[in-house]
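Q: Chains as they are written, first to last, in my numbering: chain A, 2 to 537; chain B, 764 to 1081. The C-beta atom is built at its ideal place from N, Cα and C for all residues, glycine as well. A quick note: this is a predicted structure, and the numbers were derived from the prediction, not measured.
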């Protein structure tokens, strides 16, 4: 079933079946009419029927990336531990649905003024905190203000830089005023820092108590070790099928794997790609291999020789064999990159831009044109950047050799890589988490004056379009602008993007999900606790 | 005053000086690490203004020697400060973890020390036999393998293949003592395997060393059976080196378990120290290191006192 139209039809049929709108007989009838083999259709029906969510049980999740010194302050959320805990006991204004569309969380509806500089969020009147207090506009204002102002220590302050004012309009309406239009503001609200927390009298928030308005109540937590949750019966969303959640921090990949195999945990948030093929043979374990917008980038500083010459930059981009890297380094669990930082699962992904091939001959001729034949560059990387980061760099060095480019791989210390190497050394290997929209990504790392313009790329047209697109509410015009920007980044920019790495995680036998999972974070956009369930 | 007490007091005083020197070393070692706590806490996403705000909040804008003296003045009166990252009291952050580490160390020691010494005596008795060779090879194999590798082997055999013990030593609140022993058996066994060889071989070597002495020959000539020659005549004189090795290994059980903790996801002090270093959380790093240093100092002291007490010549100097 590679035909997209057929896949789409089957998805809709499965959805209708799941919601009980379609009998087995009708399901089979439609499926057979669509040209699906009878055995396949029967199998699909069984899977679909099994996809009826069921209440009960305690899910034990083995989570990677947890630190003893983490805290509940949403401004300092950094590790997967805190991101997943936050999505379990706290809520956000908006969320990313399993199909990667934007959906409601605490806010049920939102609308913008014509220039997208004023946004109004309507809150869900049923939303309550774990101590029974209703979620009001005041709480939302205080929660967002936690990340604003001169004294804020929040790592997300940059995202709200353009916000001029946030005011409550009655109990259930919040108005956000921006200095300039931003059509993506509702998407920004899904950022993991912007949890909605109870306001204190003085306008600060109570993040210390661990109370939230999410699907589960935090019963106890030992940072870097474990957390225990129980169901919040007054939750405003649908789902939260488990009675209790036990989150175990398992930083060691082998501990996670053995934990899953021996049944000490029911699901794990990350598996080692090296062991994926072996794990697939275990009939009791299901692997979710989900394309994401997380990227590996190789920024070249456009303000430094030799990368100040666009021909050199493009030669570097032509000298990388992305297919080979995906096959050998990512074990196939990645989407190919095309040197613009928008992944296929992000909104406004331009399908029309042709994939850049591996073409050492053309790279060689570009270098000749630039008078830079026999180019030698240093590529800085560290093991912690990505599993196989150093191998990736070495493989690239081999590929680039065919274009007459000598790449010296410099292995930097893991510790302090992002403070001492990234943005400092002229050519580095970097790992980026997924961002929800092109605007967020471009504003963060490609805008001329962005603090993390990692390639120091200055392109007038790109920056002009970035501003226009930001406040453009017409979808078609906006898509056209992003397409042009992607083309500019691809052909003029200073960043090689070899791949977008998949999220690869695994579930034990009884853990079910709806088939489609959000790709903003591991495990259904970090919302596994409220979306998954145990089969009977 | 008895000479033993004088030695103990002297050594304790020197130990305090050592701790002081170590605290200076640790403080400036943490200072020299690239990046600082603000960057480590806020991560890649922080801006300069954020970092400055957090540094000011944590008092990092003051020069390093001033911060060290502030910490020292607290430490001298028993206040080790609060974690810079979580704001938790250092004593609270550490106590639970340290108890876990001590429990695991004690569990391993209770198995390892008797096993090692008894095995050492048996192999000394049966030296140059097949049993001696096999025990030595096995013990040396265990000590030569990295701990995490031993851990994985034990997990494979006992957790994955046999299903007899859990692979993850998770400690949740209400465990009975037996359950606790069962759940932490594999990490304890890993550590036993790591330390047994050293102690066993020292026992064997110390005893065999004495077997050439004239008084052992005398014992043999008077017709004492071989086990009695070793246990009654050789062993009492072999205690000093054995005690030294036992003390060293006990210290290792407390301080060297980070890898075992990682493999079995055991919430001990090693993992806490690693996390604190990565976040540049100086008060926690300092406290952990001082605990480790104190462990070494105290156990070494105990070994020396033990050596004196088992040696009549040192116990009753002329």
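With DSSP collapsed to three states, give me the class of residue 852(B).
A: By one-based count along the second chain, residue 852(B) stands at place 89. If DSSP states are grouped into helix, strand and coil, residue 852(B) belongs with the strands.
Q: Mind listing the chain A neighbours of residue 810(B)? Cutoff is C-beta to C-beta under 7 Å, in chain order.
A: By 1-based counting over the second chain, the position of residue 810(B) is 47. The answer, in chain order, is 158, 159, 452.
Q: Hey, is the region 191 to 199 of chain A in contact with the region 92 to 101 of chain A, meaning 3+ C-beta pairs nearer than 8 Å?
A: Yes, the region 191 to 199 of chain A touches the region 92 to 101 of chain A.
Q: Please compile the residues from chain A whose C-beta is within a distance smaller than 7 Å of the C-beta of residue 933(B).
A: Here residue 933(B) is taken as the residue at index 170 of the second chain, counted from 1. By Cβ distance, chain A contributes 227, 249.
Q: Hey, could you find the ends of the alpha helix (DSSP H) residue 219(A) is sitting in?
A: As a working note, residue 219(A) is residue 218 in the first chain. Where residue 219(A) is concerned, there is no enclosing alpha helix (DSSP H), although the beta strand (DSSP E) it sits in stretches over 217 to 223.
Q: Can you give me the start and stop residues for the beta strand (DSSP E) that residue 355(A) sits inside?
A: By 1-based counting over the first chain, the position of residue 355(A) is 354. Taken as a continuous stretch (DSSP letters only), residue 355(A) belongs to no beta strand (DSSP E), as it is neither H nor E.
Q: Going along chain B, which residues have a C-beta under 7 Å from residue 152(A)?
A: The residue labelled residue 152(A) in the question sits at position 151 within the first chain. Those within 7 Å of residue 152(A) in chain B are 816.
Q: Touching or not, the region 991 to 1010 of chain B and the region 941 to 948 of chain B, by the rule of three or more beta carbon pairs under 8 Å?
A: The region 991 to 1010 of chain B vs the region 941 to 948 of chain B: no contact.
Q: Would you say residue 344(A) and residue 296(A) are within 8 Å of each other, going by their C-beta atoms?
A: Sequence index remark: in the first chain, residue 344(A) carries index 343 (1-based). Sequence index remark: in the first chain, residue 296(A) carries index 295 (1-based). Cβ distance < 8 Å, so residue 344(A) and residue 296(A) count as in contact.
Q: To the nearest angstrom, how far is it from the Cα of residue 935(B) to the Cα of residue 1030(B)?
A: Stepping through the second chain from its first residue, residue 935(B) is reached at position 172. Stepping through the second chain from its first residue, residue 1030(B) is reached at position 267. Distance between the alpha carbons of residue 935(B) and residue 1030(B): 11 Å.
Q: Out of 783(B), 850(B), 822(B), 801(B), which one is the CA nearest neighbour of residue 209(A)?
A: Numbered from 1 along the first chain, position 208 holds the residue referred to as residue 209(A). The option with the nearest alpha carbon to residue 209(A) is 850(B).
Q: Leaving out five residues on either side along the sequence, give the residues of the same chain with a beta carbon under 8 Å from the beta carbon of residue 970(B).
A: Translated into positions along the second chain, residue 970(B) becomes position 207. Answer for residue 970(B): 883, 884, 887, 993, 997, 998, 1001, listed in chain order.
Q: Excluding the 5 residues preceding and the 5 following residue 6(A) in the sequence, name in chain order all residues of the same chain whose CB lies nearer than 6 Å to its CB.
A: Walking along the first chain from the start, residue 6(A) turns up at place 5. With a pLDDT of 49 at residue 6(A), under the threshold of 50, the modelled position of this residue cannot be trusted, and the question is left open.
Q: In this structure, does DSSP put residue 785(B) in helix, strand or coil?
A: Here residue 785(B) corresponds to residue number 22 of the second chain, with the count starting at 1. Residue 785(B): helix per DSSP, three-state reduction.
Q: Using a beta-carbon distance below 8 Å, is residue 273(A) in contact with chain B?
A: In the first chain, counting from the first residue as 1, residue 273(A) sits at position 272. Judged by the 8 Å Cβ criterion, residue 273(A) is not in contact with chain B.
Q: Can you tell me which of the three DSSP states residue 117(A) falls into?
A: Mapped onto the first chain, residue 117(A) falls at position 116. If DSSP states are grouped into helix, strand and coil, residue 117(A) belongs with coil.
Q: Could you pull out every unbroken beta strand (DSSP E) segment of at least 3 residues lying fully inside the region 881 to 913 of chain B, listed in chain order?
A: Counting only runs of 3 or more, we get nothing.
Q: Looking at residue 1145(B): is its Cβ nearer than 8 Å to the Cβ of residue 1020(B)?
A: The first residue shown for chain B is 764 and the last is 1081, placing residue 1145(B) beyond what the model contains.
Q: Step through the CB atoms of chain B and report whether any lies within less than 8 Å of the CB of residue 382(A).
A: Here residue 382(A) refers to the residue found at position 381 of the first chain. No - not a single Cβ of chain B is within 8 Å of the one on residue 382(A).
Q: Name the chain A residues that come within less than 7 Å of residue 918(B), Cβ to Cβ?
A: For this step, residue 918(B) is matched to residue 155 along the second chain. Correct list: 259.
Q: Report back the beta-carbon spacing between residue 183(A) and residue 117(A) to the nearest angstrom; my notes put them in contact at under 8 Å.
A: Your numbering for residue 183(A) matches position 182 in the first chain. Your numbering for residue 117(A) matches position 116 in the first chain. The Cβ separation is near 6 Å, so the contact holds.
Q: For residue 856(B), tell me which candidate among 70(A), 168(A), 108(A) has the shortest Cα-Cα distance.
A: Translated into positions along the second chain, residue 856(B) becomes position 93. Of 70(A), 168(A), 108(A), the residue nearest in Cα terms is 70(A).
Q: Starting from residue 401(A), trace the alpha helix (DSSP H) both ways and give me its first and last residue.
A: Reading the first chain from its first residue, position 400 is the one you call residue 401(A). Where residue 401(A) is concerned, the enclosing alpha helix (DSSP H) stretches over 390 to 402.
Q: Would you mind stating whether residue 181(A) and residue 163(A) have Cβ atoms separated by less than 8 Å?
A: Sequence index remark: in the first chain, residue 181(A) carries index 180 (1-based). Sequence index remark: in the first chain, residue 163(A) carries index 162 (1-based). For residue 181(A) and residue 163(A), yes; Cβs fall inside 8 Å.
Q: Using a Cβ-Cβ cut-off of 6 Å (strictly less than) and excluding sequence neighbours within five positions of residue 1069(B), which residues of its own chain qualify?
A: Start at 1 with the first residue of the second chain, and residue 1069(B) comes out as number 306. 1006, listed in sequence order.
Q: Who pairs with residue 506(A) in a beta bridge, going by DSSP?
A: In the first chain, the residue the question calls residue 506(A) occupies position 505. BP columns for residue 506(A) point to 289(A).
Q: Can you pull out the residues from the region 968 to 995 of chain B whose beta carbon lies closer than 8 Å to at least one beta carbon of chain A?
A: So the list is empty, because no residue satisfies the distance condition.
Q: Looking at residue 814(B) and residue 801(B), is the spacing between their C-beta atoms short of 8 Å?
A: The sequence position of residue 801(B) within the second chain is 38, counting from 1. The sequence position of residue 814(B) within the second chain is 51, counting from 1. In this structure, residue 814(B) lies closer than 8 Å to residue 801(B) by Cβ.
Q: Does residue 417(A) get closer than 8 Å to chain B when you measure Cβ to Cβ?
A: Counting from one through the first chain, the residue named residue 417(A) turns up at place 416. Answer yes: the Cβ-Cβ gap between residue 417(A) and chain B drops below 8 Å somewhere.
Q: Is it buried or exposed, residue 282(A), if we count other Cβ atoms within 10 angstroms and call 16 or more buried?
A: Walking along the first chain from the start, residue 282(A) turns up at place 281. Residue 282(A) should be labelled exposed.
Q: Could you spell out where the beta strand (DSSP E) holding residue 969(B) opens and where it closes?
A: Locating residue 969(B) in the second chain gives position 206, counting from the first residue. Taken as a continuous stretch (DSSP letters only), residue 969(B) belongs to no beta strand (DSSP E), being part of the alpha helix (DSSP H) at 948 to 973.
Q: In angstroms with no decimal places, state the Cα-to-Cα distance between residue 298(A) and residue 212(A).
A: The residue given as residue 298(A) occupies position 297 in the first chain. The residue given as residue 212(A) occupies position 211 in the first chain. Distance between the alpha carbons of residue 298(A) and residue 212(A): 38 Å.
Q: Taking all protein chains shown into account, decide if residue 127(A) is buried (16 or more other Cβ within 10 angstroms of its Cβ) or exposed.
A: Here residue 127(A) refers to the residue found at position 126 when the first chain is read from its first residue. Result: exposed.
Q: So does the region 371 to 389 of chain A actually touch the region 411 to 418 of chain A, counting three or more Cβ pairs closer than 8 Å?
A: These segments touch.
Q: Beta-carbon of residue 784(B) versus every beta-carbon of chain A: anything under 8 Å?
A: Reading the second chain from its first residue, position 21 is the one you call residue 784(B). For residue 784(B), the answer is no, since every Cβ of chain A falls outside 8 Å of its Cβ.
Q: Going by beta-carbon coordinates alone, are residue 476(A) and residue 482(A) separated by less than 8 Å?
A: Reading the first chain from its first residue, position 475 is the one you call residue 476(A). Reading the first chain from its first residue, position 481 is the one you call residue 482(A). No, these two residues do not count as a Cβ contact at 8 Å.
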